Amino acid sequence: MSQSSSFKDLNVAIIPHPALGDTLIGLRLGWIFRYAGSRVHLYSSSMYSAREYFPWLDTLPDENLNLLDLSPMYDLVIGHVRILPRPGELAARYLQLDNIAYLKSKNSKDGFELGKRSTFVRGRSYPGASRVICLDSKAGLSMVQWIDQYAHEVFGLDCPDPVPVHGISNQEPPSAKAVIFPTSALAKKNYSLRGWLWLANRLTKNGWLVDFVCLPKEQIDIQNACANFAVRSFPDIKELMDYLLDCAVVISNDSGGGHLASLMGKKTFTITRRKEDFSWRPGFNELNCVLAPLIGLRLFGCRVWRPFVPIWRIPARLGKAPDKSSAH
């Protein structure tokens, strides 16, 4: 029996880290198991609102999860290590549940030795199921490629198809909408707002319809700084996906907006202070470009990177916008 056929009709639960990028990597893993014939449940409160976009799996809220109750419901549970409590008696009980695999995005000191336990699925042992997803941040692989490698190396599963998103066609009409996500979860990763405004004005001159998108708590400040542009925010992922349906390109810092747009098949540009091949770049399609600083500089112990990002490459590569009459 092949590895892939052994997962047909199994009940699999995925519990990703709640950060949007991590959740979408978990979604990719769920699709790999669904492609192999498993019934997949994704526990993610953030994606619950967008569940109609992913009818091939069952999306559930992740509040108040109890692994002692969850384990008997599934043949296999794969969850981010954050679902474990701090090392102690309860954590030890969780680690004894042998149908649960624990993942971390990267190496960190959290008190758990993931590589020293096996995971069992219907009596079959998978000794490498609990591990770090990204084994080598210098290897040049994206996190999408790393999760594909994890599924192949540990479970023997391969999935050539992209994650299906309901209602999105590969033959979308041309659009003149460009969307900028100017913020991220960490301020030190953000490109300068002055730089974003330069880009927005340049794209507008080339015929693009430019909007800014940010969190609701950021909207007033961003709108005050970007008075000539629409600044939008959305209460949940579903409404954000609805909005992104007819955009042509998403430009962002290293943040979840770029991953979501990439998942939806959009062209993306990601600005990072890291290298162009950093592992957390958007990687769900082939239309993703990363802009990193051309040189590195330190002043008074601080890294200076924003002035050296070749942001001018974005309008140069996009060129003139499609006919606005075809945009919604």
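Using numbering that gives the first Met the number 0, the letters of the sequence shown correspond one by one to residues 0 to 327. Think of the CB as a built atom: it goes at the ideal place given N, C-alpha and C, for glycine as much as any other residue. It should be emphasised that the depicted structure is a prediction, and the values quoted were computed from it without experimental measurement.
Have a look at the options and flag the residue whose alpha-carbon is nearest the alpha-carbon of residue i.
i, options, result
"residue 95", "29, 38 and 71", "71"
"residue 168", "238, 208 and 247", "247"
"residue 286", "260, 304, 319 and 178", "260"
"residue 242", "166, 275, 313 and 317", "166"
"residue 238", "306, 215, 143 and 42", "215"
"residue 22", "245, 143 and 175", "143"
"residue 255", "188, 78, 196 and 304", "188"
"residue 89", "98, 65 and 78", "65"
"residue 281", "145, 128 and 4", "145"
In whole angstroms, what separates the C-alpha of residue i from that of residue j?
i, j, result
"residue 34", "residue 141", "21 Å"
"residue 52", "residue 297", "45 Å"
"residue 157", "residue 203", "42 Å"
"residue 266", "residue 295", "27 Å"
"residue 210", "residue 225", "10 Å"
"residue 148", "residue 31", "11 Å"
"residue 220", "residue 186", "14 Å"
"residue 60", "residue 45", "8 Å"
"residue 133", "residue 218", "34 Å"
"residue 327", "residue 245", "Only weak support exists for where residue 327 lies, its pLDDT of 41 falling under 50; the value from the coordinates is given anyway. The alpha-carbon atoms of residue 327 and residue 245 are separated by roughly 7 Å."
"residue 63", "residue 43", "12 Å"
"residue 20", "residue 181", "16 Å"
"residue 119", "residue 84", "21 Å"
"residue 101", "residue 195", "39 Å"
"residue 183", "residue 257", "10 Å"
Could you check where the beta strand (DSSP E) with residue i kicks off and where it finishes?
i, result
"residue 124", "123 to 125"
"residue 248", "248 to 252"
"residue 40", "38 to 42"
"residue 14", "10 to 14"
"residue 90", "Looking at the DSSP string, residue 90 is not in any beta strand (DSSP E); the run it does join, the alpha helix (DSSP H), is 88 to 94."
"residue 229", "229 to 231"
"residue 22", "Premise fails: residue 22 lies in the alpha helix (DSSP H), 19 to 34, not in any beta strand (DSSP E)."
Might you give, ordered along the chain, the residues of its own chain that have their beta carbon closer than 6 Å to the beta carbon of residue i, omitting 5 neighbours on each side?
i, result
"residue 308", "270, 290 and 292"
"residue 103", "80 and 131"
"residue 12", "40, 73 and 76"
"residue 82", "14"
"residue 319", "205 and 206"
"residue 47", "58 and 60"
"residue 117", "124 and 126"
With residue i and residue j assumed to form a contact (beta carbons below 8 Å), what rounded beta-carbon distance in angstroms separates them?
i, j, result
"residue 29", "residue 7", "Going by Cβ atoms, the distance from residue 29 to residue 7 rounds to 15 Å, so no, they are not a contact pair."
"residue 212", "residue 231", "5 Å"
"residue 190", "residue 154", "So it is not a contact: roughly 38 Å between Cβ atoms."
"residue 10", "residue 38", "5 Å"
"residue 249", "residue 164", "Their Cβ separation, rounded to whole angstroms, is 14 Å, which puts residue 249 and residue 164 out of contact at 8 Å."
Report all residues from its chain with a CB closer than 7 Å to the CB of residue i; omit the five preceding and five following residues, and keep chain order.
i, result
"residue 0", "Reliability fails at residue 0, whose pLDDT of 42 lies under 50, so the model's placement of it is uncertain and the value that follows must be treated cautiously. Contacts found: none."
"residue 162", "26, 27, 30, 262 and 283"
"residue 228", "199, 209, 210 and 211"
"residue 136", "105 and 278"
"residue 55", "33 and 163"
"residue 311", "none"
Can you tell me where the alpha helix (DSSP H) with residue i in it begins and where it stops?
i, result
"residue 244", "Here residue 244 belongs to no alpha helix (DSSP H), and DSSP marks it neither H nor E."
"residue 204", "192 to 204"
"residue 256", "255 to 262"
"residue 68", "66 to 69"
Kindly list the residues whose CB is nearer than 8 Å to the CB of residue i, restricted to its own chain and excluding five residues on each side of it in sequence; keep chain order.
i, result
"residue 92", "67"
"residue 273", "253 and 291"
"residue 234", "215"
"residue 314", "198, 201, 202 and 205"
"residue 236", "19, 45, 46, 48, 49 and 259"
"residue 410", "Coverage of the chain is limited to positions 0 through 327, which leaves residue 410 absent and any answer about it impossible."
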